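Each remark here refers to the structure printed beneath this line.
In the UniProt record's numbering, the protein residues as written are 1 to 126.
Given below as structure tokens:
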């Protein structure tokens, strides 16, 4: 008989017997096999619906973020009138709008093109 190494809290899964085909009894006393039993708490299904509202929001954020970044550049280089504080304000707003818009638009584009590892389920649906 093979001796098991000392395990302080619980046995390692590789050291235990395979209990998948052992019959189980539920509360009613009926016997089922554990391979037929599925715990629904751990079931996860990806929905492949296209989140149109989220994509529209991402395009909106991308467009206005780009616009604010261009305005910031024009104010800073004095092609438009304004203070440098206004340029920094537009710069901050442009970055805050551009980054999430670009990120979600990129995921939507790669999902549409069918790249490996990208799916519409990675975009939050609103």
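All C-beta atoms, glycine included, are put in the ideal place defined by N, C-alpha and C.
All values reported here derive from a predicted model rather than from experimental measurement.
- Short of 6 Å from the beta carbon of residue 104, and not among the five residues preceding or following it, lie these beta carbons of its own chain, in chain order: 58, 123.
- The closest CA to that of residue 62, considering only 80, 97, 113, 125, is found on 97.
- In this structure, residue 56 lies away from residue 75, with their beta-carbon atoms at least 8 Å apart.
- A check of alpha carbon separations from residue 95 across 64, 78, 41, 53 identifies 64 as the nearest.
- Classified as buried, residue 68 has 16 or more neighbouring CB atoms from the shown chains inside 10 Å of its CB.
- Taking a 10 Å sphere around the C-beta of residue 85, we find fewer than 16 other C-beta atoms and assign the residue as exposed.
- With respect to the 8 Å criterion, residue 66 and residue 90 are not classified as neighbours on the basis of their beta carbons.
- Taking C-beta atoms as the reference points, residue 118 and residue 49 fail to come closer than 8 Å.
- Judged by beta-carbon spacing, residue 126 lies within the 8 Å limit of residue 54, meaning their Cβ atoms are closer than that value.
- Here residue 101 is buried: its Cβ has 16 or more other Cβ atoms, across all protein chains shown, within 10 Å.
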